[in-house]
Ligand code: SF4
């Protein structure tokens, strides 16, 4: 999971200011690395490892001059996540092109080999965005030197070439020197990307909450297989290059996105509240009578309030989050995850001691966080601990840009409810229902593959082996 932004403003020379501040707003989507590239009459790039505030100082923002630019916050799903692999990536030819993306190229390793074998194009990094950049740049160069001379139709044809070669989930923004910004979504539109407009400027962002800050009006979400080009005079060209079933990632509403974001017209907070109400109804039917409901901060809190309303019992802030510790789910290594739970959360004895406590979480993936939390709550005197997840059991890997790519990642994959309960150490485990999850979106078939094994793009055996080898290699470091 990563966050991307791109802005173009006609009358502006300091676009880096809005880019860096937007990356701060998207920091929850990746805390491993960040970068910005801008353009005035040449390109200006700054990227590095760490949080946005650690990477960008005033002198960098002043140096990153330009009226258009793109930015990225990274969480690595391929490779070790070193500074070299931080985005944006850039190529000199044709025009000079900068690129950022959110997602995952499933056939990254085989495409890398293909580019070398067939064209002697070197993909240097372990970042999958580099193959998208190379495929796009190669195709654009071919079309520009061919008979077709119209630049806009050439870039759309180059995106078509990307679609024909690159398998996976990817939302992409490209900065094309002296020309403008190009944004596109993969043919199933799995990862989010929205467009905003204001007088004299246009923007793209992974989440609409960026536009609340930048004062763009949220125009719309890009469609699956759609590319939008904004030239330097702010003329907008869009083309539906491939029309496929829309299959947006449902986990954006469950966990990834900020609650104040709106994706595809559906508010993230409202979706979590609906899931909480459905969970509350299920718990009521089960005849369980806790004394208090506690949401696991931050994602679990809105649902916990709804569960408490349904059960007509108090909801409490019984777990306090240290705001200066980063999110655990997106921490790459299990040992880091484990130790950070206790740094991140602290239980409040007065809210827990001698009570039957119902904890509400967004999901249970590996069970590492859940078991640590249960231990903490028991250690300060809870009588009983019920653990509820408002999403159903996570059982299958995600190959689309989330760090749960190997089967070993899932506690519920091959265990029944009671086995999961024992490992987590709770008195009871309750999961949300698949049908309630599906009902939060108006789409016929959103991607819910990690819950139901129904993949929009079937992973091929070779790709899975390459991906698993890569992740295991770096997890073992
Ligand atoms: S598999 Fe799960 S996390 Fe991955 S894109 Fe689909 S719904 Fe999202």
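In the working numbering, the protein residues as written are -5 to 471.
The C-beta atom is built at its ideal place from N, Cα and C for all residues, glycine as well.
Treat the numbers as computed from the prediction; the structure is a model and nothing was measured.
In this structure, does DSSP put residue 33 in helix, strand or coil? strand
For residue 470, name the three-state secondary structure that DSSP assigns. With a pLDDT of 41 at residue 470, under the threshold of 50, the modelled position of this residue cannot be trusted; read the value that follows with caution. Residue state, collapsed to three classes: coil.
Decide yes or no for the touch test of the segment 358 to 377 against the segment 403 to 413: beta carbon pairs closer than 8 Å, at least 3 of them. Counting C-beta pairs closer than 8 Å gives three or more between the segment 358 to 377 and the segment 403 to 413, which meets the contact rule.
Would DSSP call residue 60 helix, strand or coil? strand
Taking the alpha-carbon of residue 45 as reference, which of -4, 115 and 212 has the nearest alpha-carbon? -4
Alpha carbon to alpha carbon, what distance is there between residue 300 and residue 95? 35 Å
Which residues DSSP lists as bridging residue 43, in chain order: Bridge partners of residue 43: 27.
Same chain, Cβ closer than 7 Å to residue 234, neighbours up to 5 away in sequence not counted: 217, 219 and 220
Runs of 3 residues minimum, wholly inside the segment 393 to 425: which ones carry the beta strand (DSSP E) assignment? 422 to 425
Residue 318 in three-state terms, based on DSSP: coil
Beta carbon of residue 476, beta carbon of residue 244: below 8 Å? The requested residue 476 does not occur in the structure, where the chain is confined to residues -5 to 471.
Any idea which residues DSSP pairs residue 224 with across the strands? 175 and 230
Which residue from 400, 304, 69 and 446 puts its Cα closest to that of residue 464? Closest by alpha carbon: 400.
Any idea which residues DSSP pairs residue 242 with across the strands? None; residue 242 has no bridge partner.
Spell out a yes or no on whether the segment 105 to 122 and the segment 138 to 153 are touching, meaning 3 or more CB-CB pairs, one atom from each, closer than 8 Å. Taking a contact to require three or more Cβ pairs closer than 8 Å, the segment 105 to 122 and the segment 138 to 153 do not qualify as touching.
If we count the other Cβ atoms within 10 Å of its Cβ and call it buried at 16 or more, is residue 470 buried or exposed? Reliability of the predicted coordinates at residue 470 is poor, the pLDDT of 41 falling under 50, and the value obtained from them is presented with this limitation in mind. It counts as exposed.
So what's residue 432 in DSSP terms, helix, strand or just coil? Helix, per DSSP.
Euclidean distance between Cα positions of residue 50 and residue 167: Roughly 21 Å separates the two Cα atoms.
Distance between beta carbons of residue 451 and residue 266, contact taken as under 8 Å: Incorrect: roughly 27 Å between the Cβ atoms, too far for contact.
In the DSSP assignment, what are the bridge partners of residue 3? 195
Taking its Cβ as the centre, do 16 or more other Cβ atoms sit within 10 Å of residue 314, making it buried, or is it exposed? exposed
So is the beta-carbon of residue -4 under 7 Å away from any non-hydrogen atom of the ligand SF4? Distances taken from the Cβ of residue -4 to the heavy atoms of the ligand SF4 include none shorter than 7 Å.
Return the chain-ordered list of same chain residues with a C-beta closer than 8 Å to the C-beta of residue 478, the five sequence neighbours on each side being excluded. Residue numbering for the chain in the displayed model covers -5 to 471; residue 478 lies beyond these limits and cannot be assessed.
Quick one, are the C-beta atoms of residue 10 and residue 55 less than 8 Å apart? yes
Closer than 7 Å: is that where the CB of residue 163 sits relative to any heavy atom of the ligand ATP? With respect to the ligand ATP, the structure offers nothing, as its ligand set consists of the ligand SF4.
Just the C-alpha distance for residue 2 and residue 258, rounded to the nearest angstrom, thanks. Each residue's Cα considered, the two are about 23 Å apart.
Between residue 277 and residue 382, which are expected to be in contact by the criterion C-beta below 8 Å, what is the C-beta distance as a whole number of angstroms? Distance from residue 277 to residue 382 at the Cβ level is roughly 7 Å; contact confirmed, criterion being Cβ atoms closer than 8 Å.
Taking the beta carbon of residue 268 as the centre, do at least 16 other beta carbons fall within 10 Å, making it buried, or is it exposed? So residue 268 counts as buried.
Can you tell me where the beta strand (DSSP E) holding residue 114 begins and where it ends? Per DSSP, residue 114 belongs to no beta strand (DSSP E) and is neither H nor E.
Go to residue 378, then tell me how far its beta strand (DSSP E) extends in each direction, as first and last residue. 378 to 383
Taking the beta strand (DSSP E) that residue 163 belongs to, which residues open and close that run? 162 to 170
Please identify the residue among 163, 306, 25 and 261 whose C-alpha is closest to the C-alpha of residue 282. 306
Would you give the residue range spanned by the beta strand (DSSP E) that residue 84 belongs to? 83 to 85
Beta-ladder partner(s) of residue 91, from DSSP: In DSSP, residue 91 forms a bridge with 85 and 170.
With a cut-off of 8 Å, does the C-beta of residue 130 fall near any C-beta of chain D? Checking the listed chains, one finds no chain D in this structure; it contains a single protein chain.
Using three-state DSSP, classify residue 365 as helix, strand or coil. helix
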